[in-house]
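Undergrad: Attaching a single structure in C-alpha cells format; questions to follow.
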Amino acid sequence: MEEHSTEIAEKPDLLASADLDALNSAAPEALLEWAHQYGKRAAIVTSFQKSGCIMIDMAHRAGLTLRIVTVDTLRLHRETYELMDRIEQRYGISIERFTPDPERLRQMLAQHGEFLFFDSRPKQEHCCWIRKVEPNNRALQTLDLWITGLRRDQSPHRIAASKAALVQRENRPLLKLAPLADWTEEQVSAYIAAHDVPISPLYDQGYTSIGCMICTTPIKPGEDKRAGRWRWFNQYEDDHKKECGIHIDGSGI
Ligand code: SF4
C-alpha cells in the first residue's frame, strides 16, 4: 500500500497543560479518550504486537477516530501484513504506513547488502536506523502525542515505563503515552479473549516479540520476551541492546 500522506493540523497548545500525574493514574480507555482532543496530531503508533491491537480495539469501541500509524520496514513477516489487512477490514480503518527512504535504503543495500545485520552490532543498528528509526521519526514529525504499546513486563529495559511522559525528539517535545504500561500478560490475554481482538498468528508459534523477518525468532521456555530478537548477538548482550532505537530516549518510557 502507498504511504499515507499526512496533513499537519494546527498544533494545539496542550503539551504544557498536560497533568502527567493524572495521566499516569488514568485507565487506558480514559487516556485514549484524552488523547483524542489532539486530533490529527495524535496517533497510535504500533508494530501490531498484542498491546497495539488492543488499543486499536479500545479506540474503536469508544468511537475514537485516532490515527493508526506503523513503520513498515519492508521486511515484516507475511503474517504481519495479513494482520494489517484484517485489522483494516475489521475496524473499517486505514493504517498509515511509513516506509524507509528509498534512496537511503538503496545506498545501504548497495554498500552493505541485504543481510548486513548479521555482520556486527553497528551494522544492525544502521539497518534499524534506515528501516525503522528514520521512518518513525518522520511519523513523529506529524505528531504532538505519540501513543505506544510499551509495557513494563516486555523487557528489563522497559521496567520503568510510565504511562505518560514528555520526551524530546529531534529538538521538539512530544507527549508519549503508554496506556497499557502497567498491564500484565494475563490482562492482555483476557482482553483479547473477551473482545476477540485480531492478533498475529506468530504468537502461536512461540514468538513473543514480533518485528522483521530473520531478526525476530520464537523464544524458548524461560527466556526473556525479547530474547528472540537478533538472537545471534545474545552471547554479548546487555538488555539495552534489545531495542532498535525507536524507544531509546532516556525517558524511561
Ligand atoms: S530488525 Fe533487522 S531487518 Fe529490521 S530494521 Fe532492524 S536490523 Fe534491519
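Numbered continuously in our numbering, the sequence shown closes out at residue 400.
Backbone N, C-alpha and C define an ideal beta-carbon position, used for all residues, glycine too.
1) Does the ligand SF4 have even one heavy atom less than 7 angstroms from the beta-carbon of T220?
2) In chain order, what residues of the same chain lie with their CB nearer than 8 angstroms to the CB of L170, ignoring the 5 residues before and after it?
3) What does the alpha-carbon distance come out to for the pair S164 and D351?
4) Are at least three pairs of beta-carbons, each pair with one atom in the region 246 to 261 and one in the region 197 to 214, less than 8 angstroms apart?
5) From which residue to which residue does the beta strand (DSSP E) around E261 run?
6) Is the beta carbon of Q407 within less than 7 angstroms of some heavy atom of the ligand SF4?
7) In angstroms with no decimal places, state the Cα-to-Cα distance between D371 and T331.
8) So, E226 versus P348, is the Cβ gap smaller than 8 angstroms?
9) In whole angstroms, what is the alpha-carbon distance linking D329 and R299?
10) Give the secondary structure of K367 by DSSP, where H, G and I count as helix, E and B as strand, and everything else as coil.
11) The ligand SF4 and R285: does any heavy atom of the ligand fall closer than 7 angstroms to the residue's C-beta?
12) Which stretch, first to last residue, makes up the alpha helix (DSSP H) that contains R376?
13) Does the ligand SF4 have even one heavy atom less than 7 angstroms from the beta-carbon of K279?
14) In whole angstroms, what separates the C-alpha of A337 from that of W379?
15) Could you have a look at E243 and say whether DSSP puts it in helix, strand or coil?
16) Need the endpoints of the alpha helix (DSSP H) that Q334 sits in, please.
17) Taking 7 angstroms as the cut-off, is the CB of F264 close to at least one heavy atom of the ligand SF4?
18) If you draw a straight line from the C-alpha of T355 to the C-alpha of E261, how long is it?
19) Using three-state DSSP, classify A311 as helix, strand or coil.
20) Where do the ends of the alpha helix (DSSP H) carrying K279 lie?
21) Can you give me the C-alpha to C-alpha distance between T295 and R251, rounded to a whole angstrom?
22) Enumerate in chain order the residues of its own chain whose CB-to-CB distance from Q271 is below 7 angstroms, with the five nearest sequence positions on each side excluded.
23) Comparing the CB of Q196 with every heavy atom of the ligand SF4, is any distance shorter than 7 angstroms?
24) Should the region 316 to 323 be regarded as contacting the region 211 to 219, the criterion being three or more beta carbon pairs within less than 8 angstroms?
TA: In this structure, then:
1) Indeed, a heavy atom of the ligand SF4 lies less than 7 angstroms from the Cβ.
2) Excluding sequence neighbours, L170 sits near L178, W181, K310, A311, L324.
3) Taking the straight line joining both Cα atoms gives about 43 angstroms.
4) Counting Cβ pairs under 8 angstroms, fewer than three are found: no touch.
5) Note, E261: premise wrong, no beta strand (DSSP E); not H, not E.
6) Outside the shown range of the chain (148 to 400) lies residue 407, about which nothing can therefore be said.
7) If you draw a straight line from the Cα of D371 to the Cα of T331, it comes to about 15 angstroms.
8) Closer than 8 angstroms, so yes.
9) Counting only the Cα atoms, R299 lies some 6 angstroms from D329.
10) When DSSP states are grouped into helix, strand and coil, K367 belongs to the coil group.
11) No, the ligand SF4 has no heavy atom inside 7 angstroms of this Cβ.
12) Unbroken run through R376: none, as it is neither H nor E.
13) Yes - the ligand SF4 has a heavy atom lying nearer than 7 angstroms to the Cβ of K279.
14) The C-alpha of W379 is placed about 33 angstroms away from the C-alpha of A337.
15) The answer is strand: DSSP assigns E243 an E or B state.
16) Secondary structure note for Q334: its alpha helix (DSSP H) is the uninterrupted segment 332 to 342.
17) Checking every heavy atom of the ligand SF4 against the Cβ of F264, one is found closer than 7 angstroms.
18) Taken atom to atom, the span from the alpha-carbon of T355 to that of E261 is near 25 angstroms.
19) If DSSP states are grouped into helix, strand and coil, A311 belongs with the strands.
20) Element bounds for K279: n/a, residue is neither H nor E.
21) Rounded to the nearest angstrom, the gap between the Cα atoms of T295 and R251 is 26 angstroms.
22) Hits under 7 angstroms: F264, W377.
23) No, the beta carbon of Q196 sits no closer than 7 angstroms to any heavy atom of the ligand SF4.
24) No, the region 316 to 323 is not in contact with the region 211 to 219.
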